[in-house]
Amino acid sequence: MRWWRKAMLFYLGGMGYMGLELLWRGWTHGTMFLAGGCSFLLLGSIGRCRLPGAAKPLAAAAAITAVELLSGLLFNRQHQIWDYSAMPMGFAGQICLPFSLLWLALSIPGFRLFRVLDRSLPD
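Under my numbering, the first residue of the sequence shown is numbered 1, with each subsequent residue one higher.
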């Protein structure tokens, strides 16, 4: 039943991502559920890797930023969900350094949250 556990973690990650957006800017978009689910599963995979010190949060921030870029290129250009053009160190209005740094900070408690949820879900 490993697929059920992954599906639940995907769901929880998607809902969590949308919840963060609702808290941060007051609205979200359904496509962010997909970005959040993928990001949370990637976070869990990175959390299991044997990486030194700060490498895990850096890898997680890079992975989540990559998911945001892919989501932006696939969905945002059509639906105008967000625009980071005015943000520093941005790329194509889809990703920017300040939000990558936010993902870096959030990945640390995110690793713990993933472990707790993964262990608490039945097989």
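Built from N, CA and C at the ideal position, the CB exists for glycine as well.
Is residue i helix, strand or coil when you go by DSSP?
{"i": "Ile81", "result": "coil"}
{"i": "Cys49", "result": "coil"}
{"i": "Asp118", "result": "helix"}
{"i": "Trp27", "result": "coil"}
Using only the alpha-carbon positions, how far apart do residue i and residue j sit?
{"i": "Pro88", "j": "Leu34", "result": "26 Å"}
So residue i packs on residue j, CB below 8 Å; how close in whole Å?
{"i": "Thr31", "j": "Ile64", "result": "Their Cβ separation, rounded to whole angstroms, is 15 Å, which puts Thr31 and Ile64 out of contact at 8 Å."}
{"i": "Gly13", "j": "Gly36", "result": "5 Å"}
Taking residue i as the reference, which of the options has the closest Cα?
{"i": "Leu117", "options": "Leu69, Leu41 and Ser100", "result": "Leu41"}
{"i": "Ala61", "options": "Met8, Thr28 and Ser39", "result": "Ser39"}
{"i": "Leu102", "options": "Ala92, Pro57 and Gly72", "result": "Pro57"}
{"i": "Ile108", "options": "Glu68, Phe91, His79 and Leu43", "result": "Leu43"}
{"i": "Arg115", "options": "Leu9, His29 and Arg2", "result": "Leu9"}
{"i": "Leu104", "options": "Ala55, Cys49, Arg25 and Gly16", "result": "Ala55"}
Bridge partners for residue i per DSSP, in chain order?
{"i": "Ile95", "result": "Phe91"}
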